[in-house]
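Residue numbers (the UniProt record's numbering), protein chains in the order written: chain A, 1 to 271; chain B, 1 to 188. In what follows, a single structure is set out as structure tokens and then discussed.
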Amino acid sequence: MPIALLKFPTDLLREVFQQCDPFELYKLSKCSKRIQKSIRSGGTKNWKLIFRGNLVIVSVDGLHYNFDVTENPDEYFKTENPRGYENYITIPFDDNFDAFLDLLDTFRIRIVEYLRIEFGSFEQFSKLARGLIERNIEIEEVLIESTPQVKKVDKLMTLLTQMNTTQKFKCLKKFPPKFRHQMDKFPKNILIYSSFWFTIDQLLESTCVRIELHGSMLKNQDIDLFFQKWKRSGSFPNLRWLEIFSKNIDDKSPILGMIPPIENYGNRSIS
Amino acid sequence: MSSTEQGTSSAAPAEPTTAPESAAAPEVPESFYYVHGKDKVVHKVSAGALQHSALIHGMISNLGYTEEQAKANPFPFENIDGDILQMVVDWCNQHKGKPTPPEDTNLPKQKEKLFDLVLAVNYLEIKELLTYCCKQVAMMVKGKSPEEIREIWMIPTDAEDEAAEKEAKKRAGKEAAGETAAAAGDAK
Chain A
1 MPIALLKFPT DLLREVFQQC DPFELYKLSK CSKRIQKSIR SGGTKNWKLI FRGNLVIVSV
61 DGLHYNFDVT ENPDEYFKTE NPRGYENYIT IPFDDNFDAF LDLLDTFRIR IVEYLRIEFG
121 SFEQFSKLAR GLIERNIEIE EVLIESTPQV KKVDKLMTLL TQMNTTQKFK CLKKFPPKFR
181 HQMDKFPKNI LIYSSFWFTI DQLLESTCVR IELHGSMLKN QDIDLFFQKW KRSGSFPNLR
241 WLEIFSKNID DKSPILGMIP PIENYGNRSI S
Chain B
1 MSSTEQGTSS AAPAEPTTAP ESAAAPEVPE SFYYVHGKDK VVHKVSAGAL QHSALIHGMI
61 SNLGYTEEQA KANPFPFENI DGDILQMVVD WCNQHKGKPT PPEDTNLPKQ KEKLFDLVLA
121 VNYLEIKELL TYCCKQVAMM VKGKSPEEIR EIWMIPTDAE DEAAEKEAKK RAGKEAAGET
181 AAAAGDAK
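Right under this line is the structure:
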């Protein structure tokens, strides 16, 4: 028995939309421009979006709805899961990047739970990053993988660090030797695998809870300067963990009056 | 405070209770109100059952009607079909004084009445029943393709929407032209 849904008043329509899961609501949005407008004007959703490169996932109270793309009309909106995913659907798009932005707009999502930079061109990632910056979307966690597909990481970094990343920024990709970058905004946690460009000035400006710098160029004097400041009351109130791997840390000059390696001071050590 | 708590003078005598704890606190006599839909069939409903409806609860909370006054002044809901109102009244009676469980087997299931039921429940502001009904509506398209959804929910295509919009504009234009001509005629 059909129901003329669009004859419902707006508040009732919204109530029905509230009861739809992401798959049904997305398919509904593709029925007509009018219904799509109606869904998009239904206010922001507290759903979160995840970009895994090969999949776009809508996270609803911890339950994941996996969206995959296809250009084959015979496979549009199929829920069979050839890759073994549960809660899976294929949607008509050329690539996951456009699908991601479309899902973001259709559901008026304001938070991206996880953004994984792994497969795709620089142009695609740039478009994605610009889309997130323009929409002022909060990104909880960003991961830049070390795969060969991730190109022009130096240019990409400039865009990615302009995003509103709040929880974690993790970069496993190596930067070209001449790369220089100034991080202005800091999420709670940063882990940079190739951090030679991360200067003592940036470290002194950081507001993180946890910092892990691998491949650093920081020296004993830098660490000493930082620790002297950290010791002062009110400095780095958020910082709980600092891990620096640098070949420039040696046993030639003191850090806090001690010559490295410094060990067995409670559970902390500098070696 | 609800009418039940205020205790209208003509309320039905309290049922004797067997539970020892309720024996200590005498039960407040229940008051009743009357509603009717489009078919004019009057339903007698307790104030406790009517509390589910924010609209009716708001109407009765300060009335202080006697039984006779309530009977003589049933609330008319002319925009609601009789059988739909009956469904709503039944549901309110079944859930008097208790919240709706997440999976409520007592809820109306007639799909052909769902559209009218949703409108009635929305009008009467029965939040829990509305949520359930909207869930029922949403379930109608579970696992369906966009084409099937369009049919089930009678969603016009973009072309149909555009044609309807053109038609509406044309009609509005004709009406405006008619009004202008009439005004010119009046001026003469």
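All C-beta atoms, glycine included, are put in the ideal place defined by N, C-alpha and C. Remember, it's a predicted structure, so these values are computed and weren't measured experimentally.
Check: What residue from B/T66, B/E128, B/V137 has the CA that sits closest to B/C92's CA?
Finding: Counting from one through the second sequence, the residue named residue 92 of chain B turns up at place 92. The shortest Cα separation from B/C92 among B/T66, B/E128, B/V137 belongs to B/E128.
Notebook entry, point to check: To the nearest angstrom, how far is it from the Cα of B/I149 to the Cα of A/K30?
Noted result: Translated into positions along the second sequence, residue 149 of chain B becomes position 149. Translated into positions along the first sequence, residue 30 of chain A becomes position 30. So the two alpha carbons sit approximately 10 Å from each other.
Next item on the list: Could you tell me the distance, in whole angstroms, from the CA atom of A/F245 to the CA atom of A/Y193?
Entry: Within the first sequence, numbered from 1, the residue matching residue 245 of chain A stands at position 245. Within the first sequence, numbered from 1, the residue matching residue 193 of chain A stands at position 193. Distance between the alpha carbons of A/F245 and A/Y193 is about 9 Å.
Margin query: Just to confirm the assignment: which complete beta strand (DSSP E) runs, minimum length 3, are found wholly within the region 169-217 of chain A?
Written below: 189-192, 210-216
Note to self: Going by DSSP, what residue range makes up the beta strand (DSSP E) through B/R150?
What the structure shows: Here residue 150 of chain B is taken as the residue at index 150 of the second sequence, counted from 1. Not the beta strand (DSSP E): B/R150 falls in the alpha helix (DSSP H), residues 146-152.
Next item on the list: Please name the residue, chosen from A/F186, A/R210, A/F196, A/L225, that lies closest to A/E243 on a Cα-to-Cα basis.
Entry: Stepping through the first sequence from its first residue, residue 243 of chain A is reached at position 243. Checking every option, the nearest Cα to that of A/E243 belongs to A/R210.
Note to self: Under 8 Å, with one C-beta from each stretch per pair, do the region 158-177 of chain A and the region 133-148 of chain A reach the 3-pair mark?
What the structure shows: yes
Notebook entry, point to check: So A/F169 and A/I190 are in contact, right, with Cβ under 8 Å, and what is the actual spacing, rounded?
Noted result: Sequence index remark: in the first sequence, residue 169 of chain A carries index 169 (1-based). Sequence index remark: in the first sequence, residue 190 of chain A carries index 190 (1-based). So it is a contact: roughly 5 Å between Cβ atoms.
Check: Comparing alpha-carbon positions, which option in B/K40, B/K38, B/A70 lies nearest B/S46?
Finding: In the second sequence, the residue the question calls residue 46 of chain B occupies position 46. The candidate whose alpha carbon is nearest that of B/S46 is B/A70.
Check: Which two residues bound the contiguous alpha helix (DSSP H) that contains A/S38?
Finding: Stepping through the first sequence from its first residue, residue 38 of chain A is reached at position 38. First-last of the alpha helix (DSSP H) with A/S38: 33-40.
Margin query: Less than 9 Å between CB atoms is the rule here; does residue 272 of chain A satisfy it with respect to chain B?
Written below: In this structure chain A extends from 1 to 271, so residue 272 of chain A is not present and cannot be described.
Next item on the list: Give me the Cα-Cα distance between B/D81 and B/D90, rounded to the nearest whole angstrom.
Entry: Taking the second sequence and counting its residues from 1, the one referred to as residue 81 of chain B is at position 81. Taking the second sequence and counting its residues from 1, the one referred to as residue 90 of chain B is at position 90. Each residue's Cα considered, the two are about 14 Å apart.
Next item on the list: Rounded to whole angstroms, what's the CA-CA distance from B/M139 to A/Y114? Just pull it up for me.
Entry: Start at 1 with the first residue of the second sequence, and residue 139 of chain B comes out as number 139. Start at 1 with the first residue of the first sequence, and residue 114 of chain A comes out as number 114. Answer to the nearest angstrom: the Cα atoms are 30 Å apart.
Notebook entry, point to check: So, A/E118 versus A/V150, is the Cβ gap smaller than 9 Å?
Noted result: By 1-based counting over the first sequence, the position of residue 118 of chain A is 118. By 1-based counting over the first sequence, the position of residue 150 of chain A is 150. Contact flag set, yes.
Checklist line | Member of A/D11, A/F51, A/P260 whose CA lies at the smallest distance from the CA of A/D95 | finding: Translated into the one-based positions of the first sequence, residue 95 of chain A becomes position 95. Minimum Cα distance to A/D95 is reached at A/F51.
Item checked: Residue range of the unbroken beta strand (DSSP E) whose run includes A/I117 -> In the first sequence, residue 117 of chain A corresponds to position 117, counting from 1. Start and end: 109-117.
Note to self: With a threshold of 9 Å between beta-carbons, can A/F169 be considered close to chain D, or not?
What the structure shows: Chain labels in this structure do not include chain D; the protein chains are A and B.
Check: If you count every other CB in all the chains shown that lies within 10 Å of the CB of A/F1, and 16 or more means buried, which is it?
Finding: Position 1 of the first sequence holds residue 1 of chain A. Looking at the sequence itself, residue 1 of chain A is Met, so the reference to Phe does not match. When all chains shown are included, A/M1 counts as exposed.
Item checked: Limits of the beta strand (DSSP E) - the one that B/F32 falls within -> Residue numbering aside, residue 32 of chain B sits at position 32 when the second sequence is read from its first letter. Unbroken beta strand (DSSP E) run through B/F32: 32-36.
Next item on the list: Kindly list the residues whose CB is nearer than 7 Å to the CB of A/D105, restricted to its own chain and excluding five residues on each side of it in sequence; keep chain order.
Entry: Reading the first sequence from its first residue, position 105 is the one you call residue 105 of chain A. Cβ within range, chain order: R40.
Next item on the list: Sort out for me which residues DSSP pairs A/L143 with in a bridge.
Entry: Here residue 143 of chain A is taken as the residue at index 143 of the first sequence, counted from 1. According to DSSP, A/L143 bridges with A/R116, A/K170.
Checklist line | Residues near A/P9 by beta carbon distance below 8 Å, same chain, minus five either side | finding: In the first sequence, residue 9 of chain A corresponds to position 9, counting from 1. Excluding residues within five positions, none has a Cβ falling inside 8 Å.
Check: Can you round the beta-carbon distance between residue 272 of chain A and A/A129 to whole angstroms, since I take them to be within the 8 Å contact cut?
Finding: Outside the modelled stretch of chain A, which goes from 1 to 271, sits residue 272 of chain A, for which no answer is possible.
Item checked: Pair within 9 Å by beta-carbon distance, A/K229 and A/L204 -> As a first step, residue 229 of chain A is located in the first sequence; it is residue number 229 there, counting from the start. As a first step, residue 204 of chain A is located in the first sequence; it is residue number 204 there, counting from the start. In contact: A/K229 and A/L204 (Cβ atoms closer than 9 Å).
Next item on the list: Using alpha carbons as the reference points, say which of A/S38, A/D68, A/L13 lies closest to A/F23.
Entry: Translated into positions along the first sequence, residue 23 of chain A becomes position 23. The shortest C-alpha separation from A/F23 is found at A/D68.
Next item on the list: Determine the burial state of residue 306 of chain A: buried for a count of at least 16 other Cβ atoms within 10 Å of its Cβ, exposed for fewer.
Entry: There is simply no residue 306 of chain A to check, as chain A begins at 1 and stops at 271 in what is shown.
Check: What residues in the region 68-95 of chain A have a beta carbon less than 9 Å from any beta carbon of chain B?
Finding: Y76, F77, T79
Check: Excluding the five sequence neighbours on either side, which residues of its own chain have a C-beta within less than 6 Å of the C-beta of A/Y85, listed in chain order?
Finding: Looking up residue 85 of chain A in the first sequence gives position 85. The residues are N66.
Margin query: By the three-class DSSP mapping on this structure, what secondary structure does A/K48 have?
Written below: For the purposes of this step, residue 48 of chain A is identified with residue 48 of the first sequence, where counting begins at 1. In the structure shown, A/K48 sits in a strand (DSSP, three-state: E or B).
Checklist line | Contacts that A/L12 makes with chain B (C-beta to C-beta distance below 7 Å) | finding: Counted from its first residue, the first sequence places residue 12 of chain A at position 12. Under the 7 Å cutoff, chain B gives V118, N122.
Check: When you compare each of A/E71, A/I111, A/E80 to A/P92 by their alpha carbons, which one comes out closest?
Finding: As a first step, residue 92 of chain A is located in the first sequence; it is residue number 92 there, counting from the start. The shortest C-alpha separation from A/P92 is found at A/E71.
Notebook entry, point to check: Can you tell me whether DSSP reads A/M163 as helix, strand or coil?
Noted result: As a position in the first sequence, residue 163 of chain A is number 163, starting the count at 1. In this structure, A/M163 counts as coil in the three-state DSSP scheme.
Item checked: A/G257, buried or exposed, once every other Cβ within 10 Å from all chains shown has been counted against 16 -> The residue given as residue 257 of chain A occupies position 257 in the first sequence. Under this definition A/G257 is an exposed residue.
Next item on the list: Would you mind sorting A/I259 into buried or exposed? The rule is 16 or more other CB atoms within 10 Å of its CB.
Entry: Counted from its first residue, the first sequence places residue 259 of chain A at position 259. The residue is exposed, with fewer than 16 neighbouring Cβ atoms inside 10 Å.
Item checked: Buried/exposed call for B/M59, threshold 16 Cβ in 10 Å -> As a working note, residue 59 of chain B is residue 59 in the second sequence. By the 10 Å Cβ count, B/M59 comes out exposed.
Next item on the list: Please go through the same chain and pick out, in chain order, the residues whose beta-carbon is closer than 6 Å to the beta-carbon of A/N81, but skip the five residues on each side of it.
Entry: For the purposes of this step, residue 81 of chain A is taken as the residue at position 81 of the first sequence. Result list for A/N81: Y88, in chain order.
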